[in-house]
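Just so it is clear: in the sequence shown, position 193 is 193 by the UniProt record's numbering, and no numbers are missing.
Reading through the structure tokens given below for one structure.
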Amino acid sequence: MEADGLTLVDYSTISKKATDVNYEISKTLFEIIISKCNRQMRRILNLPKQLVAIDSTTVTVGENRLKWAKFKGEKSGIKLHVALNISNCTPQKVVETIAKKHDGPIGEELVDVNSILVEDRAYGKHQRFDMFKEIDQSFVIRIKNNIILSQSRKLKSFVEENSSVVQDMTCYLGTKTKKTQNRFRVVEFTDYHGKSVKVCTDLMDVTPEKIANIYKERWKIETFFKFIKQNLNVKRLFGTTENAVYNQLFISLITYVLLNFTYVETNKNLKYVKLSLVQFIRKLINNTHKVEVYVSINLFLNNMKNKLIDWS
């Protein structure tokens, strides 16, 4: 830190401050930042409807570390439920809970009718699909392979060469007593490992291959969780109170959003250098970027200064 002109801060000082400050402050700051960054990127991408992946990740520690968040066995933990904008890999909304909370009910808080939800089987309760139909919520959600599908009708569609699609149909889902009220589209395809995957969707005007590809984009939220855990040190907690833990997590998320935003915007002006987000950050920390990258970063920062009035 001293090499960067920053003053060293003692661990205990950070721990005390994280405990004393209400974490709702850092959460509110996070929400303001993501609204600004997502708005800026939407303007550039000019997409009428975004793909949003919904999932959760759990951070666990020893049982005695977080007595207010006991989990399994001798562990305690918290969970972050995230709606991730797939086009720019930026969180759109985050809900924090203890690890014991089930994904399904919290997932309803992340619903966004202006997007296409992409979700795994944990959210694949077919009763939700009728509710989504009522509120005009588009979705591509994985369902269990053994779910009962009735009154199926095969859809006639052009099959692309080397397609991973196995079947494409409309049907009702569930047993006689718990059957969906509406007919939905079900697409079965094989994933990158050759395993069968079934997804349910309300999208009727796109090819089955497109639907399969939409679901496959869900891997980006797994990559996001992996990056957060590996690079932003969330496994090492600065404190054990609710305020301390959630402050650290939301500050970590703010760090990610700002770094990713800088990375995405900087990349637009690069012609000869192509870097992953991890490479970009490492070279930034080590001050080893090529001149072209620093010029692009400077252009981006100057551009953002000119837009500060817009953001206020």
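Ideal Cβ positions, reconstructed from N, Cα and C, are used throughout, including at glycine.
Cα-Cα separation, residue i to residue j
i, j, result
"Arg39", "Asn88", "11 Å"
"Met131", "Lys290", "52 Å"
"Leu249", "Thr7", "22 Å"
"Leu45", "Glu160", "Because the pLDDT of Leu45 is 42, which lies under 50, any placement of that residue in the model is unreliable, and the number read from its coordinates should be weighed accordingly. Cα to Cα, the separation comes out at about 27 Å."
"Arg43", "Gly62", "Model confidence at Arg43 stands at a pLDDT of 48, short of 50, so the residue's coordinates are unreliable; what they give is reported in the following sentence. Rounded to the nearest angstrom, the two C-alpha atoms are 44 Å apart."
"Arg282", "Glu119", "31 Å"
"Asn298", "Thr60", "39 Å"
"Ile285", "Gln279", "10 Å"
"Val206", "Val187", "12 Å"
"Pro105", "Gln167", "31 Å"
"Thr255", "Lys210", "33 Å"
"Leu277", "Phe139", "28 Å"
"Asn243", "Phe30", "15 Å"
"Ser12", "Asn302", "36 Å"
"Val113", "Gln92", "13 Å"
"Thr180", "Trp219", "28 Å"
"Asn233", "Asn182", "46 Å"
"residue 313", "Glu109", "Coverage of the chain is limited to positions 1 through 312, which leaves residue 313 absent and any answer about it impossible."
"Lys144", "Asp191", "15 Å"
"Lys125", "Lys226", "26 Å"
"Asp10", "Phe261", "29 Å"
"Asn287", "Thr58", "33 Å"
"Ala83", "Ile228", "15 Å"
"Leu47", "Ser115", "Per-residue confidence for Leu47 stands at a pLDDT of 45, beneath the threshold of 50, marking its modelled position as unreliable; no derived number is given."
"Met1", "Gln230", "Low local confidence applies: a pLDDT of 49 at Met1 is under 50, so the model's placement there is unreliable, with the coordinate-based value given in what follows. Answer to the nearest angstrom: the Cα atoms are 20 Å apart."
"Asn122", "Glu222", "Reading off the sequence, residue 122 comes out as Ala, not Asn. Approximately 14 Å, taken between the alpha carbons."
"Ile268", "Leu275", "Rather than Ile, the amino acid found at residue 268 in this sequence is Lys. Their backbone Cα atoms lie some 12 Å apart in a straight line."
"Lys17", "Val111", "34 Å"
"Val264", "Ile251", "20 Å"
"Leu253", "Phe224", "10 Å"
Pair within 7 Å by beta-carbon distance, residue i and residue j
i, j, result
"Gln50", "Asn85", "yes"
"Ile214", "Leu117", "no"
"Phe238", "Ile14", "yes"
"Ala212", "Phe184", "no"
"Leu259", "Ser296", "no"
"Asn247", "Ser76", "no"
"Ile147", "Leu173", "yes"
"Arg128", "Thr240", "no"
"Val257", "Val273", "no"
"Asp103", "Ser56", "yes"
"Cys37", "Thr90", "yes"
"Pro208", "Ser157", "yes"
For residue i: DSSP bridge partner residues
i, result
"Ala53", "Leu84, Val118"
"Arg185", "Thr170, Thr201"
"Phe139", "Leu117"
"Thr177", "DSSP, once it has assigned bridges, lists no residue as partnering Thr177."
"Glu24", "In the DSSP output, where bridge partners are listed per residue, Glu24 has none listed."
"Gly62", "Lys75"
"Pro91", "Leu84"
"Ile98", "Ile78"
"Lys125", "Lys125 pairs with nothing; no bridge assigned."
"Thr190", "Ser196"
"Lys70", "Ser76"
Spell out a yes or no on whether the segment 92 to 111 and the segment 61 to 81 are touching, meaning 3 or more CB-CB pairs, one atom from each, closer than 8 Å.
-> yes
Would you call the segment 197 to 205 and the segment 15 to 35 touching, i.e. three or more CB-CB distances under 8 Å?
-> no
Can you list the beta strand (DSSP E) stretches of 3 or more residues lying completely in the segment 195 to 255, in chain order?
-> 196 to 201
Counting only runs that start and end within the segment 141 to 174, where is the alpha helix (DSSP H) found for 4 or more residues in a row?
-> none
Enumerate, from N- to C-terminal direction, the unbroken alpha helix (DSSP H) stretches of 4 or more residues contained entirely within the segment 271 to 312.
-> 277 to 286, 291 to 306, 308 to 311
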